[in-house]
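Protein chains in written order, with the working numbering: chain A, 1 to 423; chain B, 1001 to 1437.
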């Protein structure tokens, strides 16, 4: 039998509050509790609770033949603890079925893999501990933030002992190859890579409710046929998407829940596919080839690269300014500062600063509570200015004195309205 | 016997506290000074907000004036000014009905009585998108005001009021003094709005006397508008001698802060400030820079700061209200005004009043009168950064400059400026004497 693998990304950032210049040094509380609470409750009611219930029913109805996997960011779990204990409980019930795999990622849903192996590892350890605490599993599959991947990140993940990792089947790295096989890291044959079939994934995640789409309305039966009609020798189809697709991006009125309620039946009873979790897939299938991914890929936007988070001057300056503090952070013992440090690394902050205003810009706007990327940037930098001062204080930082060139002072004297003697 | 007080009918566009720029502040100071020197001023604005100090000033809101179209005298005046092609919006109109029939005119702002004999115009005030239409309406109302009021001379501040002032002059036959606080070249660089330019020039040509806020502005009027220099007097602005409110520093308490405050547009030279900041930060990495205000170069400056990798030391608090402005001055160690072109520039004086040392460009009008300020060419980024570093590093020099500056500013009283203006009125009214101020 061929394999069908569902993986859902569950994430909510700690959004920053409106933090003005005049708040610097006067307010070390950066996050918008009200907004974060509201959004969490809204998404819980529209998506997490009904969809978890639906998945639970399907798992029970199909006697363990229906399986799914989740990666839940640490800060999202933290927000469940704060605002949505009911959601946390429903995930626990899913975990108890034994048909749900929880995947490792960075605690803060951060871009730390691109900047600091040390910080990256620390955040993964923190997230996996959180998963273990709530769901009783120690993750064995790894998924980096927004499927961001390159050979180096793969090596890092391999070094941490993971044998399975999931990422994007981006056209520009796949070339003629199909994502419907298992691949391996180009230097580490024992790190298996599961690649997203973005065509079929996006049929659900993006196109499902698009009335101008030729396949609208999409029924589970049709989708099951599409899955079934993949080439005879292909082994696995990976459907990876945001969990918020269900009920949040695609509203209940679009029929998304009905679709998902019927899909397990179509696959299990009417196709040559079995549901698997990522670690099961990796255990059961052998790589057809290794894959060399030199330039960083992700699942975002049409470019499938990093430009949603990094690359424009404001994103880069904000990102670099943040990680300049990493050295000092090692000397900081203050728990609140450490906590803020992780939350300020969340990739969403940089996503809000994206200035790509063509077709993808719409998606960015949908996910941002700022009026513009520049407003997001200014707000973030105000916070970072305050944060830097706290970090410096807590780490015992002393600035080094830079000697001023005498030429500067001589020039200065020329412009004074009266002569002075300066040494 | 006490001489009869001189009566001035003054047209402005804004008056504190509802102001959006330096014009309102300057008008407030000048009118206060004139009142103190015994001049009787009636100050007309498009609209009153009810928050003005009406006990101190005689203010007239154009939107409160009932324009009487049935009055023969008024119609005769309309006839008289018909030939004035100030702006296509204005003339020739002879009745409220005609206003109603003109589609380019926002008739909703017209409140007409049942007999079509009188009407009131409503004004948005400020600088909205119906600005030219408001300027025209203002001119129509000005005719009624000029007819109703008793005055000796008309004084108009900047182009928005020039059509009104010209109408008032036509109706009353009184002399006109126009006051140039900024020209279209100061506001728009070389991309001048032709309609605005034309109104400025017609105002200057119709005027019997012109007051400029600096010699720099006088030169612009002569070179760019072809105005005869002998007709132009320079009266520098001053500051209201109210005690400065100095707020204690609350943000970045132990850091040095360098401030730019103003519209973030080409004329204000914000880009030079960004480049200078980079150079300062190379030797003083813990200094902070604040660029307060809005404008069409805001994003350029923001992105440039990011490219230079100095965003964490370069802050954009946006447009600040009165309280926040004082707050910012309170924490500022050096104030910089690197204007490319600045007819006067009142904010350095406000900074100095709060004990902040200032660096201003030689290309600003205010540099003509200030002694205790550092003056650099706006384009000389090295001079700018070196003087910022010097002031930040040498506190004793900085303190002395700031202290002397505060004293100097306290001597720049509107009272003195008003005396000059009063002299100009007297000489303008009295033809037998030649004017030389």
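Glycine included, C-beta positions come from ideal geometry on N, C-alpha and C.
Judged by DSSP secondary structure, residue 1259 of chain B falls within the beta strand (DSSP E) whose first and last residues are 1257 to 1261. Residue ranges of uninterrupted alpha helix (DSSP H) with 4 or more members, entirely inside the region 119 to 170 of chain A and ordered along the chain, are 151 to 159. Contact of residue 139 of chain A with chain B is not assigned, every C-beta pair being separated by 8 Å or more.
With fewer than 16 other Cβ atoms inside 10 Å of its own Cβ, residue 403 of chain A counts as exposed. Around the CB of residue 82 of chain A, fewer than 16 other CB atoms lie within 10 Å, so the residue is classed as exposed. Taken atom to atom, the span from the alpha-carbon of residue 1269 of chain B to that of residue 1381 of chain B is near 11 Å. For residue 26 of chain A, the neighbours in chain B by C-beta distance under 8 Å run, in chain order, 1250 and 1251. By the CB criterion at 8 Å, residue 1195 of chain B and residue 1132 of chain B fall inside the cutoff.
Identification of residues in the region 396 to 413 of chain A having a C-beta nearer than 7 Å to some C-beta of chain B yields 399, 402, 404, 408, 409, 411 and 412, given in sequence order. The beta carbon of residue 1329 of chain B does not come within 8 Å of any beta carbon belonging to chain A, so the residue lies off that interface.
Identification of residues in the region 321 to 336 of chain A having a C-beta nearer than 7 Å to some C-beta of chain B yields 321, given in sequence order.
Under a 10 Å Cβ-count criterion, residue 1288 of chain B is classified as buried, with 16 or more other Cβ atoms of the shown protein chains found around its own Cβ.
For residue 1288 of chain B, the uninterrupted beta strand (DSSP E) run begins and ends at 1288 to 1292, by DSSP. Residue state for residue 1209 of chain B is assigned as strand, using DSSP reduced to three classes.
The region 400 to 414 of chain A and the region 1022 to 1036 of chain B do not touch, with fewer than three beta-carbon pairs separated by less than 8 Å.
Closest option to residue 335 of chain A, judged by alpha-carbon separation, among A:391, A:323, A:294 and A:232: A:391.
One finds nothing in chain A with a Cβ atom closer than 9 Å to the Cβ of residue 1181 of chain B; even the nearest lies about 27 Å away. For residue 382 of chain A, a Cβ of chain B is located within less than 8 Å of the residue's own Cβ. In the DSSP assignment, residue 1058 of chain B falls within the unbroken beta strand (DSSP E) covering 1058 to 1061. For residue 1318 of chain B, the enclosing beta strand (DSSP E) has its first and last residue at 1314 to 1318. Per DSSP, reduced to three states, the secondary structure at residue 1047 of chain B is coil, with no helix or strand assignment. Per DSSP, the unbroken alpha helix (DSSP H) holding residue 37 of chain A starts and ends at 33 to 43. Secondary structure of residue 227 of chain A (DSSP, three-state): helix. For residue 1207 of chain B, the closest C-alpha among the options B:1327, B:1232, B:1050 and B:1183 is that of B:1232. Taking a contact as a CB-CB distance under 8 Å, the pair residue 1236 of chain B and residue 1211 of chain B does not count as one, their CB atoms being some 10 Å apart. Residue 390 of chain A is outside the set of residues whose beta carbon lies under 8 Å from a beta carbon in chain B. DSSP, reduced to helix, strand and coil, places residue 300 of chain A outside both helices and strands of the structure shown, so it counts as coil. Within the region 283 to 311 of chain A, contact with chain B at the beta-carbon level (separation under 9 Å) is assigned to no residue. In this structure, the straight-line span from the alpha carbon of residue 1172 of chain B to that of residue 1019 of chain B is close to 29 Å. Counting only residues of its own chain and dropping the five nearest sequence neighbours on each side, residue 1138 of chain B has a CB closer than 6 Å to the CB of 1046, 1062 and 1164. For residue 1270 of chain B, the nearest beta carbon of chain A is not closer than 8 Å to its own beta carbon. The alpha helix (DSSP H) runs lying completely inside the region 193 to 222 of chain A and spanning 4 residues or more are 198 to 205, given in chain order. A check of alpha carbon separations from residue 271 of chain A across A:282, A:232, A:228 and A:279 identifies A:228 as the nearest.
Under the Cβ criterion (8 Å, minimum of three pairs), the region 11 to 21 of chain A counts as touching the region 341 to 356 of chain A. Looking at the DSSP output, residue 185 of chain A sits in a beta bridge with A:291. Sequence-distant partners of residue 1272 of chain B (beyond 5 residues in either direction) whose C-beta falls short of 7 Å from its own C-beta, in its chain, are 1338, 1378, 1379, 1381 and 1384.
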